[in-house]
Structures are given as structure tokens and as C-alpha cells.
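Just so you know, the protein sequences line up as chains A and B, in that order. The opening residue of the first sequence carries number 999 in my numbering; numbering runs sequentially from there. The opening residue of the second sequence carries number 999 in my numbering; numbering runs sequentially from there. Beta carbons are placed, not taken as given, at the ideal position from N, Cα and C, and that holds for glycine. Fair warning: this is a prediction, and the values are worked out from it, not measured in the lab. What follows is a set of notes on a single structure, which appears directly below.
Number of protein chains: 2
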Amino acid sequence: MPILIVGSLAFDDIETPFGRSDNTLGGSSTYIALSASYFADKIQMVGVVGNDFEDGHFKLLHDRDIDTRGIQVVDSGKTFRWAGRYHYDMNTRDTLDTQLNVFADFDPHIPHHYQDTGIVVLGNIDPELQLKVLDQINKPEMVILDTMNFWIEGKPEALKETLKRVDVFILNDSEARLLSGDPNLVKSARIIRQMGPKTLIIKKGEHGALLFTDSGIFAAPAFPLESIYDPTGAGDTFAGGFIGHLSRCPEITETELRRAVLYGSAMASFCVEKFGTEKIAALDMLEIEDRYESFLELSRIEC
Amino acid sequence: MPILIVGSLAFDDIETPFGRSDNTLGGSSTYIALSASYFADKIQMVGVVGNDFEDGHFKLLHDRDIDTRGIQVVDSGKTFRWAGRYHYDMNTRDTLDTQLNVFADFDPHIPHHYQDTGIVVLGNIDPELQLKVLDQINKPEMVILDTMNFWIEGKPEALKETLKRVDVFILNDSEARLLSGDPNLVKSARIIRQMGPKTLIIKKGEHGALLFTDSGIFAAPAFPLESIYDPTGAGDTFAGGFIGHLSRCPEITETELRRAVLYGSAMASFCVEKFGTEKIAALDMLEIEDRYESFLELSRIEC
């Protein structure tokens, strides 16, 4: 089933205790698309870039068979830029600089040949734009949404309007507490699921992720890595692996949802091992399946 | 296999956002013993109490078939007292008062008929006292040790000496980082296991626990509870359930160790549902097995 991904494309300057990487290709939709590309037949990206987005950047996406015809190139401007520095514990970061550039006027236009897509992934962008995207799609099979505290605080009403039309909602633990107004994650999940999404994933960073559905709760561990070089994009990479696996399932069952969470976790565990998209742009299915097996092993009782 | 538990007995004054409980029976060995009592044939406690430790307190232990003949009663003093207040998030607490009382001069004496015990659990007490206990035991089958940051910072050398004689070491994530000097838990685990204990459990509170053995890593989730009333004793209750399950296994395999972590987690999840030992003093095996099944369900992939 084809996947349509709408979100940001960016250049990041990243500093971690292990080094730095400048002008790294990033953005929510980049990470989601690269990660999903190992599973999905057909990936269509919608976004906006400036005149500094070079052929090499497109090539990196094309090499993963990603359809970039939905990416608008604004010749008069620059691509969205973000600069951040991670602290020693890698769990907290400071944003040093944000330049929206061409992203400030992003008005997502879904090309005609994308409008019958099966799965729509709405990366972390203004919920008003997310609504605009949904208005242009013909009955999608599944809508997945990611957001962040910035929109929960800044545009709660638009976000809640969008959530009514969302099947799978992915956010992290602090965002879930913020949105629900409840510090307890189980209660938060119940409150948020009442806003619309039947399937909710709460990411807990190095502590794994929780999947909430009508069937109950599934707790996925995070991979206990010895070295984490750069957490940038790990959440989007999770979403990409999650939705990538679902796109290849003939039927979405509880088992497949749980497997999808583990595939997402496996992809995220690769992402943090190198800077930016370096690692997730150059994987093969063998190592992905191998990492997935390690995840199974991690929570297997019978040895 | 009989379990010998050496640790503190105390009276706690506990304040949480949900209420308060004064003069509650507590202490590391109390929680460990009550929790283990649902699994083990024979539990022997060694500790010290004052003249304020009443028949009713002994009765609560005897009702769970716990052998208290190793508990010294010092008529001239009072039992160890602790008072603490938990913050809104329940993850942090302030100690309001600590009165060591008779515990200040605790000199553990292992009764003759306890010296051939199979499993020795050294609750969170001065590592010099833990060593003294080990010197009095004839070749135990297994030594389990719990500790806290207070001893890691205050008596690191004695603690490391004790660790050489320990099979299973249980501590929490911040204590593991403190002891190893490494922020990464996988590296911490390797460093700590080199100090002696082949089996290491790192507790992560609401994020579950990690088991490190020669066979690899096992990640146990925490039970996603809607209401946590009082986290006091949850770590000790975990240890009790863990060792309780192992005590009934004819052979300690990797599978049994993993199951033991889940039984420990199940017991801890009960502990926090009421104040003090109220819940774990009055369980039955049916609800314990039921909670254990819920833990299995929580990380089961195939539904």
C-alpha cells in the first residue's frame, strides 16, 4: 500500500558529546521516508525545500526509491534549518537556532496522482496544515499523526480537530502528559484516545514505547545500546519503521501492530548509532531483521 | 530452599499526593520477607527492633509463616524510624526524618539453626554488616544483595568487597551509574558485573527492569498502573518476589531468572497500590498469578 508522507525537510547542525555534524539532511519527513523505505513498495513525499537543496540530496532519497515529485522547490529561498546541542545524558537538548525559511510559507499541495494514497503520515507540522492535507486526500485507509509540544501548546484546538480524523497517533511521554493534563500515562492514553485515534503510541525514548489499542497495552523495550551518537530523528525513524511494516500487512491485526512497534524501535535504534540520516540511509533488510530478532529476544521469557 | 533475609525493620511516616500513613510497618527486610512469603517454603528474618515493636507486628509476619526468631528485640530502645514525602510525580521523594535508634548498633548475629540456609538476601544495610553476615553462613547456594546510593558514596570499598561474594545484585539505574561512573546502563552493567555478581538487575522504577546475565539482556516492562498510592518498599518487594520465585525452582536457568524478574515486577506493582505493606501483606496466589499473566501479556507479540 503506498504511503504519503507530509512533513519537514531540513538541514541540521547537530552537536552531541561525541562530536558534531553540520548541514546534515534532516527534517521529520526525511527520517520517516528513509526508515519506511525498507518496508514499503511506494513512498511519496510532500514538502518544501529551498535553492540550497542539491541534486545529491534528491539522489539520496531516489536511491531509496522515494518519489519526491511532491517536494516543492522554492528557488527564491533557503531550506528550513535547525541547530541543536545535546546534553551529556543525551535525553535533553537545547535548540540553538531555528530558521524556518521556505517552510514558513509552506502550503501543502497534494499532487493529483497522490490523492488516492492508502496511508497518510502527517509529520510534525502545524496542525492547520495537517488538516489541509487531509482535505485533499480521497478516503485514506489509515492516517498517522506525529506532533510535538510546540503545537500542543500553540494550537491545541486545531490539533484536536485534526485528531478526530486520525487512526494512529504517535507522541512522546511528556507530550502525552501535556495534551491530556494528567501525569499518569495510562490515564493520559485514555483521555487522548477519546479525542479520536483508536491506536496510540507513547514513546519513552531510552525506555521504549507503549502501544494502546482496544485490545490492551503492549510495552516495547528500547534496545540497550552501548553508544548513542545522535538521537536526532529517532522518533520520526520509529514512525517510519512502524508504518513501513503496516504498509506491507494484508490486514492490520493487533499482532501486526505490536510487530510494527518493534520494527519502529529497531529502526530507531539504528538511527541513533550515527549522525543524522547516515545510518538509516544505508541499511539492508538482513541487519534490520537481525535487530528485530534481538528485540524479540530482549523480551522473550522462555529461553 | 530456605531464604535468610537480613535488613532493616522500621516504622515509616509516609506522605504522598494521595494521603498519608503514619507509624506504618516498613524496612527493607519486612518488604522482602512479606513479598517472598507467597513463594518460599521457609523464610528466616534477621534484624533488630525496639520496645515499640508490638505483638501485632510480629503477628503480621507470623501470619505469613515468617520465622522471626532472628529478630533481636532491644528493650531499652526504639525501632528505626523514617519519614518521607513523595512529590507530585511520585518518582522523587524528600526524606523528612531518619531516626536510626536501635538500628544504629545493629550487629547481625545469625542464629545457629539459620547458618545452613540456602539463599541469603542482604537488604540495604551497611556493607560492613553485610560482610559480617556472610562470614557467619555456611556455603550459601546464592547470595542476593541490594544497596543504595548512601553506601555507594559512603562505603565504596566495603561494598566492593561484599560484591565479590554476591551472585545477584539488585540496584536502581541512578545507583548503577553512580557505582560504575558511566552514564550508559549497558556499560555500567558490564563494569558492575566485573566486580563479582554474575547476575545483575537494574531497576528503572516506572520503566521496568533490566536483567543482565551471561546469556544477554532481558527487559521487563513495569505494569502501567492507573493509580500509584505509595512507592515505598517497591524495590524491596521486587527483590522478594524475584528471590521467592527462584527459591522454588529446582534449577536456576535463564528462563527462571527472567520469570523471577516478572514475578518481582508483579509483586512491586501490588505494593504501590496501597500504603506501606497493606497490600502485600494480604494477597493470594490467584491474584499474583493473574498479575504475572498480565505482565506476560504486556510484552507478548503474537496475540
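{"Query": "Candidates B/1191, B/1286 and B/1070: closest to residue 1107 of chain B by CA position", "Result": "B/1070"}
{"Query": "Exposed unless 16 or more other CB atoms sit within 10 angstroms - verdict on residue 1202 of chain B", "Result": "buried"}
{"Query": "Per DSSP, cross-strand counterpart(s) of residue 1093 of chain A", "Result": "A/1082"}
{"Query": "DSSP three-state assignment for residue 1218 of chain A, whether helix, strand or coil", "Result": "strand"}
{"Query": "Three-state secondary structure (DSSP) of residue 1123 of chain A", "Result": "coil"}
{"Query": "Proximity test, Cβ basis, 9 Å: residue 1260 of chain A and chain B", "Result": "yes"}
{"Query": "Residue range of the beta strand (DSSP E) that includes residue 1246 of chain A", "Result": "Unbroken run through residue 1246 of chain A: none, as it is neither H nor E."}
{"Query": "Nearest candidate by alpha-carbon position, reference residue 1206 of chain A, set A/1194, A/1145, A/1266 and A/1142", "Result": "A/1266"}
{"Query": "Contacting residues, own chain, Cβ-Cβ under 7 Å from residue 1277 of chain A (five flanking each side not counted)", "Result": "1268, 1269 and 1271"}
{"Query": "Chain-ordered chain B contacts of residue 1183 of chain A [CB-CB under 9 Å]", "Result": "1204 and 1222"}
{"Query": "Nearest-angstrom beta carbon gap, residue 1258 of chain B and residue 1062 of chain B [assumed within contact, 8 Å]", "Result": "About 19 Å separates the two Cβ atoms, so there is no contact after all."}
{"Query": "Residue 1314 of chain B versus residue 1168 of chain B: straight-line alpha-carbon distance, rounded", "Result": "Because residue 1314 of chain B is not part of the residues shown, which for chain B are 999 to 1301, the question remains open."}
{"Query": "Three-state secondary structure assigned by DSSP to residue 1139 of chain A", "Result": "coil"}
{"Query": "Contact set between residue 1301 of chain A and chain B, taken where Cβ atoms lie within less than 8 Å", "Result": "1213, 1251, 1252, 1253 and 1256"}
{"Query": "At least three beta-carbon pairs within less than 8 Å, the stretch 1095 to 1114 of chain A to the stretch 1074 to 1081 of chain A", "Result": "yes"}
{"Query": "Partner residues on chain A for residue 1266 of chain B, Cβ-Cβ distance less than 9 Å", "Result": "By Cβ distance, chain A contributes nothing, its closest Cβ being about 15 Å from residue 1266 of chain B, past 9 Å."}
{"Query": "Spatial distance of residue 1224 of chain B from residue 1204 of chain B (CA atoms)", "Result": "12 Å"}
{"Query": "Member of A/1163, A/1027 and A/1129 whose CA lies at the smallest distance from the CA of residue 1239 of chain A", "Result": "A/1027"}
{"Query": "Residue environment, residue 1074 of chain B, which counts as buried when at least 16 other CB atoms sit within 10 Å", "Result": "exposed"}
{"Query": "Completely contained alpha helix (DSSP H) runs for the stretch 1002 to 1036 of chain B, where each covers 4 or more residues", "Result": "1026 to 1034"}
{"Query": "Segment contact flag, the stretch 1245 to 1263 of chain A with the stretch 1241 to 1257 of chain B, C-beta cutoff 8 Å, min 3 pairs", "Result": "no"}
{"Query": "Cβ distance (whole Å) where residue 1002 of chain A is taken to contact residue 1118 of chain A below 8 Å", "Result": "5 Å"}
{"Query": "Exposure label - residue 1284 of chain B; buried when at least 16 CB within 10 Å", "Result": "exposed"}
{"Query": "Contact set for residue 1217 of chain A: own chain, Cβ-Cβ below 6 Å, skip 5 residues either direction", "Result": "1208"}
{"Query": "Beta carbon proximity, residue 1086 of chain A to chain B, threshold 9 Å", "Result": "yes"}
{"Query": "Residue-level contact to chain A via CB, residue 1037 of chain B, 9 Å cutoff", "Result": "no"}
{"Query": "Residue nearest to residue 1086 of chain B in terms of C-alpha spacing, selected from B/1056, B/1035 and B/1015", "Result": "B/1015"}
{"Query": "C-alpha distance - residue 1030 of chain A paired with residue 1091 of chain B, whole-angstrom precision", "Result": "39 Å"}
{"Query": "Collapsed DSSP secondary structure at residue 1062 of chain A in the structure displayed", "Result": "coil"}
{"Query": "CA nearest to the CA of residue 1114 of chain B, picked from B/1301, B/1139, B/1126 and B/1288", "Result": "B/1139"}
{"Query": "Classification of residue 1103 of chain B by the beta-carbon crowding that lies within 10 angstroms, buried from 16 upward", "Result": "exposed"}
{"Query": "Near the ligand NAP: residue 1096 of chain A beta-carbon under 8 Å from a heavy atom", "Result": "The ligand NAP is absent from the structure shown, which contains no ligand whatsoever."}
{"Query": "Extent of the continuous alpha helix (DSSP H) to which residue 1283 of chain B belongs", "Result": "1283 to 1296"}
{"Query": "Integer-rounded CB distance, given that residue 1275 of chain B should sit under 8 Å from residue 1231 of chain B", "Result": "7 Å"}
{"Query": "Inter-residue Cα distance where the pair is residue 1260 of chain A and residue 1039 of chain B", "Result": "40 Å"}
{"Query": "Cα-Cα separation, residue 1262 of chain B to residue 1237 of chain B", "Result": "6 Å"}
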